[in-house]
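Single-structure report; data block below.
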Amino acid sequence: MRLRRNLLWWLKMGVGLLMFLAGTYIMVGRNPSDDHPTKRSKQEAPVLEELPPVPPLAGNWKGGEEQLLIQENLKTHVTPHGPDSYKDWNNYAFMASEAKQTGPGEQGQAYHLSSHLAAERDQLYKVNGFNARASDDVALNRSLHDLRHPKCRDKQYLSKLPRASVVVPFHNEHWSTLLRTAISAINRSPDSLLQEVILVDDASTKQFLKTQLDDYVRAHLPKVRVLHLAQRSGLIRARLAGARVARGEVLIFLDSHTECTTNWLPPLLDPIAKDYHTCVCPFIDVIDFETFAYRAQDEGARGAFDWELFYKRLPLLQEDKKNMPEPFRSPVMAGGLFAISTKFFWELGGYDPGLDIWGGEQYELSFKIWQCGGTMVDSPCSRIGHIYRKFAPFPNPGVGNFVGRNYRRVAEVWMDEYAEYLYKRRPSYRSIDPGDLTEQRAIRERLKCRPFSWFMKEVAFDLTRVYPPVEPPDFASGKIQSMASPGLCVDTRYKHHGERFGLEECGQGGEQSLHLSWHRDVRPGRRSICWDVSSGDPRAPVLLYNCHGMGGNQLWKYDPQRQWLVHGGNPRCLDSNPGNKEVFVSACDPTKDTQQWKFEKFDSKRLEEWGKNGPDF
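Residues in the sequence shown are numbered consecutively from 6, following this note's numbering.
Right, dumping it as structure tokens:
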């Protein structure tokens, strides 16, 4: 009888403690300043280099008694499956507590700063390339809505998975985005699967990333280690430095301004547990650089490249769509976020240490994985958000054309005769000294790696249908003259990614040589940047964005009879306001001369056979 009373007493205490911990997480887990913002005097200048550390967080904390209790009460289901068992790794208690969080940016919603903070926002923008002031108001452990495919929520993974080391290189990263990266990885990972998070400081100059960061991590993040490099080494060597000290069976590389989402880790580890020669990439979502809204980028595509080695994407195969959300093969990784067996990474020689700063490393590793006996897949049930900066806030430390040198190293070691296609597009690369390639060629010989022709035939078999090695002729090219105001031509004026352009006087310099390319997109000169319309507004702006070669918001067609430049599958026409030299798209209207354009040169036959020409989307 006494034993029964004791058991009941302990059971009540345990339930009470769990309720207390859940409440503590909700109340304390967010930055207290979100509920009680600090009043700032108008005379106070914003502090750019010495941001105060955010108070310690509670909640799904790893390493303490609270975490042990949460893990013991984790709702899991183990299913026998031959010699292996499978398990539901979802942490339902944590997911339920996250769903109750409110505040700036919670549930991945957009957060808009008050107008009186504009000056402070602008100053922080200059040194970060994103709205760091908004980031500081968003909790370090903010909640995110679940964007996973519905089947992911019920998917089980091996009950025995390897432990992972997460390597995060950074240089002058902002305080709150760096810590949010680490905390999201910790909070949304099963404790038993996360060995450590290694923050690799690539010789940052912001003072709060030195002793202040070390002290904060030591006090509040026992799973995190900080490695400071003595001199600026670049992304590639910083990753290598972190990988060398990692203790996990799997290496996971993340950028320093990312957020891991619900149950992100098991889908990366499961394919590796089944075959350690498998490299796994997550779906990469978008964290808005202005509002920190979290959204999906798309629902999957395969990584690829064009023959200037710009990263591109290929449509999913029908079998991949049918089997969604199972992992699917991808020829090339995006580069910043992936998981690989520590053993396999070093069997491949890691990254080529001769690659400088950044550029080409994703191709070198992707080609090496495939050609040397491995497999690379994207895992749709693992989703990680990434901030795509509005601009690069600091100069690269490299000397000369280090990207061209990197590409030459990759081409000479791994691409065999296909390297000629790169050199035809980039003739200057032929004269770049790639450095000593003896070690890298020895790795290829030792591992008995396959030729690049095998990769193109078996892995990237449809790449040339979308990105042909020899570019076919354009549909149209030259000046695009307004028929409403014949003295004006479309001029992109060497604008950059994300910028608008308009009309200028024909022949008055600028950038008026435009191409309706074989890819069915419009490009200025031979730049890999395209006209892009993503808005559904009645007068939607036309912007410049990096060419993706997959149609959609970059799809254009010229109708020489009507003199229309038609955009997209739900067609609208290029339109203009000659008075203010604005261009935009609007509903096609045969009575509007502002929608009529004369392309300087066009191929009538190819335009008539539009469906037979162009890429196979």
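In this text, a Cβ means the ideal position worked out from N, Cα and C, and glycines have one as well.
N- and C-terminal bounds of the beta strand (DSSP E) containing residue i
| i | result |
| --- | --- |
| V2 | Nothing can be reported for residue 2, as the shown portion of the chain is limited to 6 through 622. |
| I534 | I534 to D537 |
| F310 | R307 to F310 |
| W375 | Not the beta strand (DSSP E): W375 falls in the alpha helix (DSSP H), residues E366 to Q376. |
| Y550 | L548 to N551 |
| F589 | E587 to S591 |
| V202 | L199 to D206 |
For residue i, three-class secondary structure by DSSP
| i | result |
| --- | --- |
| A397 | coil |
| C265 | strand |
| R449 | helix |
| D580 | strand |
| V255 | strand |
| Y472 | coil |
| M381 | strand |
| D127 | helix |
| G604 | Per the sequence presented here, residue 604 reads as Phe, with Gly not at that position. Looking at F604 - three-state DSSP - the assignment turns out to be strand. |
| K500 | coil |
| P529 | strand |
| V415 | helix |
| A235 | coil |
| N133 | helix |
| P276 | helix |
| E613 | helix |
| V222 | helix |
| V173 | strand |
| R300 | strand |
| I485 | strand |
| W180 | helix |
| K327 | helix |
| V52 | In this prediction, V52 has a pLDDT of 30, which is less than 50 and means its spatial position is unreliable; nothing more can be read from the coordinates. |
| E352 | helix |
| A190 | helix |
Pick from the options that is closest to residue i, judged by C-alpha positions
| i | options | result |
| --- | --- | --- |
| L321 | S194, R334, F315 and E313 | R334 |
| P227 | D219, L234 and H233 | D219 |
| R223 | F258, V202, G239 and K211 | V202 |
| N582 | G573, D598 and L570 | D598 |
| S371 | H225, A416, D537 and R410 | A416 |
| S387 | H121, L549 and C265 | C265 |
| C593 | D580, F604, R455 and G584 | D580 |
| P398 | H179, R525, Q601 and K586 | H179 |
| V337 | L353, K317, M329 and N328 | K317 |
| L240 | Y356, R451, P473 and G507 | Y356 |
| S261 | L342, P287 and K610 | L342 |
| L519 | K160, Q212, V495 and S346 | V495 |
| Y426 | Q568, D311 and L149 | D311 |
| A545 | R577, T469, P332 and D89 | R577 |
| V471 | L118, Q128 and G619 | G619 |
The alpha helix (DSSP H) enclosing residue i, as first and last residue numbers
| i | result |
| --- | --- |
| V291 | Careful: V291 lies outside any alpha helix (DSSP H), inside the beta strand (DSSP E) at T283 to I292. |
| A246 | L240 to V250 |
| Y97 | Y97 to E103 |
| S90 | Note, S90: premise wrong, no alpha helix (DSSP H); beta strand (DSSP E) at D89 to K92. |
| N406 | No alpha helix (DSSP H) contains N406, which DSSP labels as neither H nor E. |
| E509 | Element bounds for E509: not the alpha helix (DSSP H) but the beta strand (DSSP E), G507 to E510. |
| L427 | A424 to R430 |
For residue j and residue i, believed in contact at Cβ under 8 Å, the rounded distance
| i | j | result |
| --- | --- | --- |
| T297 | G541 | Residue identity differs from the one stated: residue 297 is Phe in this sequence, not Thr. About 23 Å; that fails the 8 Å criterion. |
| S164 | Y97 | That belief does not hold up - the Cβ atoms of S164 and Y97 are roughly 17 Å apart, past 8 Å. |
| L256 | L198 | Not confirmed; about 14 Å, so no contact. |
| W94 | P195 | 6 Å |
| F466 | W419 | Contact flag wrong, Cβ pair sits at about 18 Å. |
| A248 | F350 | 7 Å |
| L259 | V205 | Not really, about 11 Å apart at Cβ, beyond 8 Å. |
| A625 | L166 | Absent from the model: residue 625. The displayed extent of the chain is 6 to 622, so no value can be given. |
| L549 | W561 | About 13 Å separates the two Cβ atoms, so there is no contact after all. |
Outcome for residue i when other beta-carbon atoms lying within 10 angstroms are tallied against a minimum of 16
| i | result |
| --- | --- |
| W363 | buried |
| A137 | buried |
| S522 | buried |
| T596 | exposed |
| R446 | exposed |
| S436 | exposed |
| T210 | exposed |
| W269 | buried |
| E125 | buried |
| A306 | buried |
| T84 | Below a pLDDT of 50, predicted positions are generally treated as unreliable, and T84, at 44, falls in that range; the measurement from the model is reported next regardless. Exposed: under 16 other Cβ atoms inside 10 Å. |
| T497 | buried |
| R410 | buried |
Proximity test, residue i beta-carbon vs the ligand ATP heavy atom, cut-off 6 Å
| i | result |
| --- | --- |
| V229 | Of ligands this structure carries none, so the ligand ATP is not represented either. |
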